[in-house]
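Data first, discussion second: the structure below is written as structure tokens.
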Amino acid sequence: MSVPFYDENLYILNMKNDAEAKGAQISFILERLNATNADSIPPSSVLKQLALAIDSGRKCKSMKDLLASTGGSSPIRERTSLSLVKSLVIRDKEGKFTSELGDDEKVFLLLHSLFDSEGNFLRRNVDSSLESLCLHRDIRAAPPKSFLVKLSEVIGSFKSLQKMALLWRKIVEELRRLWSEELYIPGIPLDEIPDLNCCLLYQQFEVINCCLSRKRRRILTTESLELVLSEESDLSKDVVTSRGISYAKVGTGELILRLGADCPAGNLTMLETGEPVYAPITQEGPLLTEDLIKETEELVLRTGSVGAGCSQLLSDMQAFKAANPGCILEDFVRWHSPPDWTGNEPGDESIEYPNGCHSSSARGQLSSRMLKEGLLTILVGLINCC
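Position 97, counted from 1, in the sequence shown is what our numbering calls 145; the numbers after and before it change by one each time, with no gaps.
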């Protein structure tokens, strides 16, 4: 009679073989992509598959529609309508598509390679000539070595629309994880405004990374400001000034702490107090992709509203006043828009503002453009709100 026995070495071997079998499909894709000549462009089959997927995707309103699409290997079959029974059947098939894409271990292997922060996956040699470097801008694509190009090549390697949609859903989940953990998307600039010469999706990836960089800067700036305020309250003005914290003397002779001052603005001095003008740390402008810029332009044309521009200008004014206690409107104009401040000429007369100030001083005056009633009223209104 035979007696069953446990062989640890045999068990380990079987586990290893099983793991290799599970990862065979994704491993084949990874090997095929990594084996691609670094000097060549992606194969035409990948480009064709992406083009077909785009054409088919335009007929669907969401990723669920793509996943519910019928058809095995071809992504171009058109889905006309879905009855309740058909929807239930296709929903049941979604699990099968997931298994076709691979289990969690396989997908993790693919995502790990794609989101490699060192950029070793699908590394290609790009021609450094000017024409090659500008090609992606001419066709409004993404830079050759970017994350989006690698993602496109991976998705284009799948043979069915369902698998492409399932992988994209996994990609979105990973992007959400990176965002929640405040981690950058690899292969995307860390702190640049959206490049309007690239495709829209690449611009959106740039916004994500730039927002993370701005958040980190804001935290550091807030901590720095809190430290300055705590030191200012604990130490005498003479001690604090010696440690690099700056004060400005106002008309009454009182010393006022400069808040958010970055550096001296050249040789500019305030007209009324003679104190040096400091450039403030201003609020960063909004991050707008191409579609949002068009929406903003359409809103302005339709309503005549320039609220967003005024809001940014008000923020700059507030930052300037905090960094330069005792300043006046002319000081802000001289720093913010130097061409709008001109030297005095003989015979120039002072023009009174709506708030009782004057347009000229012994050192110069506002330009004719600034003295237009509408623009001047806006500026005076904003300076009164600061």
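Glycine is no exception: its CB is placed at the ideal position from the N, C-alpha and C atoms.
Model, not experiment: these values are computed from the prediction.
Starting from the Cα of Lys207, find the closest Cα among Leu98, Tyr326, Ser272 and Leu335 and give me that residue.
In the sequence shown, the residue the question calls residue 207 occupies position 159. Cα-wise, what sits closest to Lys207 is Leu98.
Is it the case that the region 333-352 contacts the region 376-390, given that we only count it when at least three CB pairs across the two stretches are under 8 Å?
no
Would a C-beta distance cut-off of 8 Å place Leu248 and Thr321 closer than the cut-off?
As a first step, residue 248 must be located in the sequence shown, where it is residue number 200. As a first step, residue 321 must be located in the sequence shown, where it is residue number 273. In this structure, Thr321 does not lie closer than 8 Å to Leu248 by Cβ.
Along the chain, where does the alpha helix (DSSP H) containing Lys198 start, and where does it finish?
Here residue 198 refers to the residue found at position 150 when the sequence shown is read from its first residue. Unbroken alpha helix (DSSP H) run through Lys198: Phe195 to Ile203.
Does Thr317 come out as helix, strand or coil in the three-state DSSP assignment?
Taking the first residue of the sequence shown as 1, we reach residue 317 at position 269. Assignment of Thr317 by DSSP, reduced to helix, strand and coil, places it in the strand class.
Simplified DSSP assignment, three categories, for Val94:
Sequence index remark: in the sequence shown, residue 94 carries index 46 (1-based). Helix at Val94.
Exposure label - Cys311; buried when at least 16 CB within 10 Å
For the purposes of this step, residue 311 is taken as residue 263 along the sequence shown, with counting starting at 1. Cys311 comes out exposed.
The alpha helix (DSSP H) enclosing Leu214, as first and last residue numbers
Numbered from its first residue, the sequence shown carries residue 214 at position 166. Leu209 to Ser228 is the extent of the alpha helix (DSSP H) around Leu214.
Using CA atoms only, rank isn't needed, just tell me which of Asp103, Leu157, Gly235 and Thr390 is closest to Lys193.
Counting from 1 along the sequence shown, the entry for residue 193 is found at position 145. The shortest C-alpha separation from Lys193 is found at Gly235.
Exposure of Ile203, with buried meaning 16 or more beta-carbon neighbours within 10 Å
For this step, residue 203 is matched to residue 155 along the sequence shown. When all chains shown are included, Ile203 counts as buried.
For Leu260, I'd like the list of residues in its chain whose CB is within less than 7 Å of its CB, leaving aside the five on either flank, ordered along the chain.
For the purposes of this step, residue 260 is identified with residue 212 of the sequence shown, where counting begins at 1. For Leu260, where only same-chain residues beyond five positions count, the Cβ hits under 7 Å are Glu230 and Tyr232.
Give the range of the alpha helix (DSSP H) segment to which Val298 is assigned.
Here residue 298 refers to the residue found at position 250 when the sequence shown is read from its first residue. Here Val298 belongs to no alpha helix (DSSP H), and DSSP marks it neither H nor E.
Between the Cα of Arg262 and the Cα atoms of Pro387, Asp364, Gly333 and Ile376, which residue gives the shortest distance?
Position 214 of the sequence shown, counted from the first residue, corresponds to residue 262. The shortest Cα separation from Arg262 among Pro387, Asp364, Gly333 and Ile376 belongs to Gly333.
Quick one: using the 10 Å Cβ neighbour count with 16 as the cut-off for buried, is Gly374 buried or exposed?
Walking along the sequence shown from the start, residue 374 turns up at place 326. By the neighbour-count rule (16 or more Cβ atoms within 10 Å), Gly374 is buried.
Pick out whichever of Leu100, Leu162 and Leu226 has its Cα sitting closest to the Cα of Leu215.
In the sequence shown, counting from the first residue as 1, residue 215 sits at position 167. Comparing Cα positions, the closest option is Leu162.
Below 8 Å on the Cβ atoms is my guess for Thr330 versus Pro324; work out the distance and round it to an integer in Å.
Position 282 of the sequence shown, counted from the first residue, corresponds to residue 330. Position 276 of the sequence shown, counted from the first residue, corresponds to residue 324. Rounded, the Cβ-Cβ distance is 18 Å, inconsistent with contact.
Spatially closest choice to Phe253 from Ser385, Leu303, Leu196 and Leu100, by CA coordinates
The residue given as residue 253 occupies position 205 in the sequence shown. When C-alpha distances from Phe253 are compared across Ser385, Leu303, Leu196 and Leu100, the shortest belongs to Leu196.
Rounded straight-line distance, which links the Cα of Ala370 to that of Ala309
Here the question's residue 309 lines up with position 261 in the sequence shown. Here the question's residue 370 lines up with position 322 in the sequence shown. Their Cα atoms are separated by approximately 8 Å.
Are the beta-carbon atoms belonging to Pro237 and Leu335 less than 8 Å from one another?
Locating residue 237 in the sequence shown gives position 189, counting from the first residue. Locating residue 335 in the sequence shown gives position 287, counting from the first residue. It is not a contact, given that the beta carbons lie outside the stated cut-off.
With a threshold of 16 other CB atoms inside 10 Å of the CB of Asp339, please say whether the residue is buried or exposed.
One-based indexing of the sequence shown puts residue 339 at position 291. Burial check for Asp339: the Cβ neighbour count within 10 Å stays below 16, so the residue is exposed.
Can you list, in chain order, the residues of its chain with a C-beta nearer than 8 Å to that of Pro386? Leave out the 5 residues immediately preceding and following it.
Against the sequence shown, residue 386 aligns to sequence position 338. Closer than 8 Å at Cβ, skipping near neighbours: no residue.
Under the rule that 16 or more other beta-carbon atoms within 10 Å means buried, what is Arg266, buried or exposed?
For this step, residue 266 is matched to residue 218 along the sequence shown. With fewer than 16 Cβ atoms within 10 Å of its Cβ, Arg266 is classed as exposed.
Use the C-beta contact count for Glu240: other C-beta atoms within 10 angstroms, 16 or more gives buried, fewer gives exposed.
As a working mapping, residue 240 is identified with position 192 in the sequence shown. So Glu240 ends up on the exposed side.
Identify the continuous beta strand (DSSP E) that holds Leu377 and give its terminal residues.
Position 329 of the sequence shown, counted from the first residue, corresponds to residue 377. Where Leu377 is concerned, there is no enclosing beta strand (DSSP E), although the alpha helix (DSSP H) it sits in stretches over Leu377 to His384.
Taking Ser324 as part of the beta strand (DSSP E), name the residues at either end of that continuous run.
Sequence index remark: in the sequence shown, residue 324 carries index 276 (1-based). The question names Ser, but residue 324 in the sequence shown is Pro. Per DSSP, Pro324 belongs to the beta strand (DSSP E) from Pro324 to Pro328.
Just to confirm before moving on: does the CB-CB distance between Ala313 and Arg306 stay below 8 Å?
Translated into the one-based positions of the sequence shown, residue 313 becomes position 265. Translated into the one-based positions of the sequence shown, residue 306 becomes position 258. At the C-beta level, Ala313 and Arg306 stay beyond 8 Å of one another.
Contact under 8 Å by Cβ, Leu388 with Ser363
Position 340 of the sequence shown holds residue 388. Position 315 of the sequence shown holds residue 363. Rather than Leu, the amino acid found at residue 388 in this sequence is Asp. Contact: no.
How would you label Ser272, buried or exposed, when you count the other beta carbons within 10 angstroms and need 16 or more for buried?
As a position in the sequence shown, residue 272 is number 224, starting the count at 1. Exposed, since its Cβ has fewer than 16 Cβ neighbours within 10 Å.
Rounded C-alpha distance that separates Gly119 from Cys246
Residue numbering aside, residue 119 sits at position 71 when the sequence shown is read from its first letter. Residue numbering aside, residue 246 sits at position 198 when the sequence shown is read from its first letter. Below a pLDDT of 50, predicted positions are generally treated as unreliable, and Gly119, at 48, falls in that range; the measurement from the model is reported next regardless. The straight-line gap from Cα to Cα measures roughly 33 Å.
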